[in-house]
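Residue numbers (the working numbering): 8 to 215.
From the three backbone atoms N, C-alpha and C, an ideal C-beta is built for every residue, glycine too.
If you're wondering where the values come from, they're calculated on a predicted model, not measured in any experiment.
Heads up: the structure comes next, in structure tokens.
Structure, rendered in structure tokens:
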């Protein structure tokens, strides 16, 4: 799948692509574990995801909260990039999330993020922290209802899911279900257009 984004008025490919087979496998994993999966490219741009949890959906409706989540995600991705290791952490609200690198030929080509999950033993301080940080945006009954929608499991099951995803990540890379684009072609194409913008550029000339 060619993923395009606009950069300085031009479209370039994100340097990560994935196959339909990968999405099927990710959705199967998510259905079994109840954990949403998101894929980012090496520049931390979101490429695809299995589904949006209801908790995230109502958080994203408030720009201030969405920005906090984005900052938290970026911080986790930056740490993962630095260590090249799986990072299990609690987000700014106290919800468990996981980010792991997708590595090919010793280079990070993307990231897989898992979450959101609560430890089955989470209560008191963790839930109070969530409610305190959201009380200025939503009423308490609504917040409590949304918290109940967050997937809950014991810690050992969380670590088992992480272990499986790490093995799964190695598998999808070896099978080529996820890979990095070579940007040389796009760079050369952009250079050709820039240098010949005053000429009549045709599809045939670009193909040549």
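Worksheet entry | residue 106, buried or exposed, once every other Cβ within 10 Å from all chains shown has been counted against 16 | buried
Item to complete: Could you tell me the boundaries of the beta strand (DSSP E) in which residue 110 lies?
Response: 103 to 111
Worksheet entry | For residue 60 and residue 40, the rounded distance between their alpha carbons | 13 angstroms
Discussion item. By the DSSP assignment, the beta strand (DSSP E) with residue 96 in it spans what residues?
Written reply: 94 to 97
Worksheet item: Just reading off the beta strand (DSSP E) that residue 47 is part of, what are its end residues?
Response: 44 to 48
Item to complete: With DSSP collapsed to three states, give me the class of residue 184.
Response: coil
Worksheet entry | Exposure of residue 118, with buried meaning 16 or more beta-carbon neighbours within 10 Å | buried
Item to complete: Starting from residue 33, trace the alpha helix (DSSP H) both ways and give me its first and last residue.
Response: 27 to 40
Worksheet item: Quick one: what does DSSP say residue 127 is sitting in, helix, strand or coil?
Response: coil
Practice prompt. Name the one or two DSSP bridge partners that residue 53 has.
Written response: 47
Worksheet entry | Residue environment, residue 122, which counts as buried when at least 16 other CB atoms sit within 10 Å | buried
Item to complete: Counting only the same chain and skipping the five closest in sequence on each side, list residues whose C-beta sits under 6 angstroms from that of residue 213.
Response: none
Worksheet item: Assuming residue 111 contacts residue 186 under a Cβ cut-off of 8 angstroms, what Cβ separation, rounded to an integer in Å, is found between them?
Response: 7 angstroms
Worksheet item: For the beta strand (DSSP E) that contains residue 158, what are its first and last residues?
Response: 158 to 160
Worksheet item: So, is residue 176 buried or exposed, given that buried needs 16 or more other C-beta atoms within 10 angstroms?
Response: buried
Discussion item. For residue 139 and residue 100, what's the separation of their Cα atoms in angstroms?
Written reply: 9 angstroms
Worksheet item: In the DSSP assignment, what residue or residues form a beta bridge with residue 114?
Response: 111
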